[in-house]
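**Student:**
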Amino acid sequence: MATVARADADPLTVQIEAVSPAVIPAKGRITLTGTVTNDSDEQWRVIKIYPLTSSAPFTTPEQLAEAAASDPTQPFGDRITTEGVYDTVDVLDPGKKARFKVRVSRGQLQITGEPGVYWIGVHALGETDAGREEVPVADGRDRVFIPLRDPAMGKRAAAQPSLDTALVVPLRHQVRYAADGTVADPDQWSTDLQPEGSLGRLLEIADEAGTRPLTWVVDPAVTDAVARLGRDNPARSLDDTLAPEGDGTPSDTPSAQPSESGSAEADSGSSAAARPAIAPPRAWLNRMRADLVGDQLLTQPYGDTDVAGAAEAAPHVYQQARDRAGRRIVGLDLPAAPVVAPPGGFLDEAGFEMVQENTTLLASDLVLDRATRSRGPAVVTTLAHRVYLTNSAVDQGSGAQQTSVLDVRQRLLAESLVRLLAKRGPLIVTLPTDETSGWDPAAVRDLFQATDAASWVHLTTVGALAGRHARSVAADHLRYPRRIQGQELGSTAFGTAEALMTRGRLLDSVLPLNDTVADQVDGEALTLVGYDDRADQVGARAAAASASGWIDSRLAEITVEAPPSVTLSSDSGRLSADVVNGLDHTVLVRVQAATDPGLEITPTAAQELGPGERATLQLEATATTLAVHSVSLIVANEDGQPVGTATTFPLRANRVSQVIWVVIAVGALLLFTTIGVRLARRLRRGLADRRGRRRASGAAP
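Counting from 1 along the sequence shown, just add 22 to a position and that's the residue number in our numbering.
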């Protein structure tokens, strides 16, 4: 459970763990139980635990928020010191903890009795060797809200108005895959699926809710991973999933499971014995499938995509994740509708604009500026979207440093009552389910029993609020804190995921009988750009690198061999290359060349090679210059994308095309013609010069 707020000087830490009933009854007793811990270096004795209440109620959300934010050391009422009401701890040594229980009757409560929300709490007063304070100041304290609707209500409860209240349960968990495509850290998953684990607690909520309506926000990558764990956590398989051409019947080998031949085991480098079937995943899925029938199910983009980050860096990745999530929850096979619900409740303008109109948008009311939020809207329209706002106040409980299940329960009941009294509403609450919230079966059971007892709470789903009037909010009234913006995943993270997808598609393209590798790698890559990855980008990059390495090592098994050197006896000819398929699976590849200018080599046609098969392929080469050319032969897929490493060798051309000789001859002819013309001109000029000199000499006296 959580640690309550207290003054630093308080030597005793008091914590209320249970309040029963959760609302002030018309008659009967209220029981408060909890613990008192000695945080001092002294022994405390005769510690008396007194109950107390505030006298006047809070009747508006603003008053309730102000009370929750108030200093917990400030007095709010008089202690009830009637004999038999308080409890006593005789001795409490340093560092020790003791339990207490106090019971106070309805008639002993020092309240006005007006409808609203009151404080109820306890004060601990004790003594040390120095004695007891003359002015009795509490040595430890705790407080929670407790609502009162109408003490005279009695059987008229059913006729009283109620507030539509939707409880949202997020189903999230970080998903990582190992290099071979298995779900990483299966032991931790097994722990998390236990009743006390993060996923096990969600199952307890589903169980305890029974027929009460809930709204679930599910990342389908999580249920997909659990389903894979329940299938023995198979490695990424290159096994045939399509029948050979001409067969016309699909393969019976599931793409996600090792085949009977064990080739998937060979690919992953581990055996089925090393990945035993895990029973908890199957049991968890079966119970979830049964419990969630009838609830509203909403699916996040696959992998819980960082929507704001994708809107800036890679909108197409968001769309791919949205399409992959589909309309049924993977692993549970239950129908669902699309949703975008950031875990912190914040979404920027670009994110709003990227989301499709048919997608439910769940955000925190903190996305609104203070003035707009003070009006208490639960449904708004903004940026062409209808947005459902979860109430951030309930998360704060009674203002404790850390919020316990009891705080959430009592604040939920209190918030719903003051919203009803102030004619606000409805109320949408996201239940905190992390490790620090203290959720356990008993606490969950108490939560739902308390909502049943509160006649003003009408549990419903977010979908049922679709017909509610929505307040229009201009975009300039939306908030997106800089600290949230600074956490967004950027182009590097999305580029890493896309690079992994590209490698997966390349591997898939050379496997003509397998059409699932690319799809599986795409799913793995999408788990690297989720909200959880904001805090673990190093882990995401490492996972992408290891998966890419696994893929590249398979592609490297397809090689090309060439002779040490090749000499063409004419301007064109053929050169041979051996392609070797080192995989245990059929591949479809071709060989192409890269060379320098003056040499052209035509790539081969694509050819299928069976497991371990070698084939000699012929390439046509044409030289246009007499030279030694550097040639690199590369294995490529059918579309010409290089698959593996290149083999390089020298190629010498001894003869070149007759066209080249004609070009050379024409050039020589032009050269000699030019020389002849110049000589003729020079001869004519010489003869002319001689004639001129003779005439000049004959004319002399």
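Cβ coordinates follow ideal geometry from the N, Cα and C atoms, glycine included.
Assess contact between the stretch 116-126 and the stretch 396-403, defined as three or more Cβ pairs (one per stretch) separated by less than 8 angstroms. Is contact present?
**Tutor:** Too few Cβ pairs lie closer than 8 angstroms, so no.
**Student:** What first and last residue would you give for the alpha helix (DSSP H) that runs through I656?
**Tutor:** Not the alpha helix (DSSP H): I656 falls in the beta strand (DSSP E), residues V650 to A658.
**Student:** Once the 5 residues before and after S594 are set aside, which same chain residues still bring their CB inside 8 angstroms of it?
**Tutor:** Contacts found: E642, A643, T644, A645 and S679.
**Student:** Nearest-angstrom Cα distance between I506 and A557?
**Tutor:** Between I506 and A557, the C-alpha separation is close to 12 angstroms.
**Student:** In or out: R706 buried (at least 16 other Cβ within 10 Å) or exposed?
**Tutor:** R706 should be labelled exposed.
**Student:** Near I573, which residues of its chain fall below 6 angstroms by C-beta distance, leaving aside the five closest residues on each side in sequence?
**Tutor:** The residues are R525 and L529.
**Student:** Measuring straight from C-alpha to C-alpha, what distance separates Q85 and A257?
**Tutor:** Their backbone Cα atoms lie some 57 angstroms apart in a straight line.
**Student:** Check whether the stretch 98-112 touches the stretch 61-81, counting contact only when three or more Cβ pairs, one atom from each stretch, lie closer than 8 angstroms.
**Tutor:** Flag = yes, the stretch 98-112 and the stretch 61-81 touch.
**Student:** What residues are listed by DSSP as bridge partners for N60?
**Tutor:** Note: N60 sits in a beta bridge opposite L34.
**Student:** Out of G419, R490, Q640 and P625, point me to the one whose CA is closest to S92's CA.
**Tutor:** Closest by alpha carbon: G419.
**Student:** Who pairs with I623 in a beta bridge, going by DSSP?
**Tutor:** Note: I623 sits in a beta bridge opposite A643.
**Student:** Among D541, A564 and P625, which residue has its Cα nearest to the Cα of S259?
**Tutor:** The residue with the shortest Cα to Cα distance from S259 is D541.
**Student:** Whether or not the stretch 494-513 and the stretch 360-371 are in contact is what I'm after, with contact meaning three or more pairs of Cβ atoms, one per stretch, closer than 8 angstroms; do they touch?
**Tutor:** The stretch 360-371 is in contact with the stretch 494-513.
**Student:** Taking the straight line between their C-alpha atoms, what separation do you get for T412 and D172?
**Tutor:** Using only the alpha carbons, I get a separation of about 27 angstroms.
**Student:** Cα-Cα, which of L189, A160, K118 and L390 is closest to L487?
**Tutor:** The candidate whose alpha carbon is nearest that of L487 is L189.
**Student:** What's the C-alpha gap between F516 and N380?
**Tutor:** Taking the straight line joining both Cα atoms gives about 25 angstroms.
**Student:** If I follow the unbroken alpha helix (DSSP H) through T524, where does it start and stop?
**Tutor:** Where T524 is concerned, the enclosing alpha helix (DSSP H) stretches over S513 to S531.
**Student:** Does the stretch 196-209 come within contact of the stretch 146-162, defined as at least 3 CB pairs closer than 8 angstroms?
**Tutor:** No: fewer than three Cβ pairs fall under 8 angstroms.
**Student:** Give me the DSSP bridge partner(s) of W66.
**Tutor:** DSSP output for W66 lists L114 as bridge partner(s).
**Student:** If you draw a straight line from the C-alpha of A48 to the C-alpha of D387, how long is it?
**Tutor:** So the two alpha carbons sit approximately 34 angstroms from each other.
**Student:** Would you say the stretch 599-608 touches the stretch 616-625, given that touching needs at least three Cβ pairs under 8 angstroms?
**Tutor:** No contact exists between the stretch 599-608 and the stretch 616-625.
**Student:** Are P33 and D161 closer than 8 angstroms when you measure CB to CB?
**Tutor:** Going by C-beta atoms, P33 is nearer than 8 angstroms to D161.
**Student:** Taking all protein chains shown into account, decide if K70 is buried (16 or more other Cβ within 10 angstroms of its Cβ) or exposed.
**Tutor:** So K70 ends up on the buried side.
**Student:** For L639 versus A584, is the C-beta distance shorter than 8 angstroms?
**Tutor:** Not closer than 8 angstroms, so no.
**Student:** Between which two residues does the alpha helix (DSSP H) containing R223 stretch?
**Tutor:** Start and end: S220 to A231.
**Student:** Is it a yes or a no for the stretch 138-146 touching the stretch 42-58, going by three-plus beta-carbon pairs under 8 angstroms?
**Tutor:** Touching, per the Cβ criterion.
**Student:** Where T57 and N308 are concerned, what is the direct C-alpha to C-alpha distance, given to the nearest angstrom?
**Tutor:** Rounded to the nearest angstrom, the two C-alpha atoms are 38 angstroms apart.
**Student:** Pop quiz: R612 and A628 are said to be a contact at Cβ under 8 angstroms. What is the actual Cβ separation, rounded to whole angstroms?
**Tutor:** So it is a contact: roughly 4 angstroms between Cβ atoms.
**Student:** Can you name the residues that DSSP bridges to N603?
**Tutor:** For N603, which the question treats as bridged, DSSP gives the partners I580.
**Student:** Can we say the stretch 224-243 touches the stretch 309-323, given the rule of at least three CB pairs closer than 8 angstroms?
**Tutor:** Touching, yes.
**Student:** Whose C-beta lies closer than 6 angstroms to the C-beta of E136 among residues of the same chain, with five residues either side of it excluded?
**Tutor:** Cβ neighbours of E136 beyond the five flanking positions: P79.
**Student:** Going along the chain, which unbroken runs of the beta strand (DSSP E) with 3 or more residues stay wholly within the stretch 429-477?
**Tutor:** The qualifying runs are 449-452.
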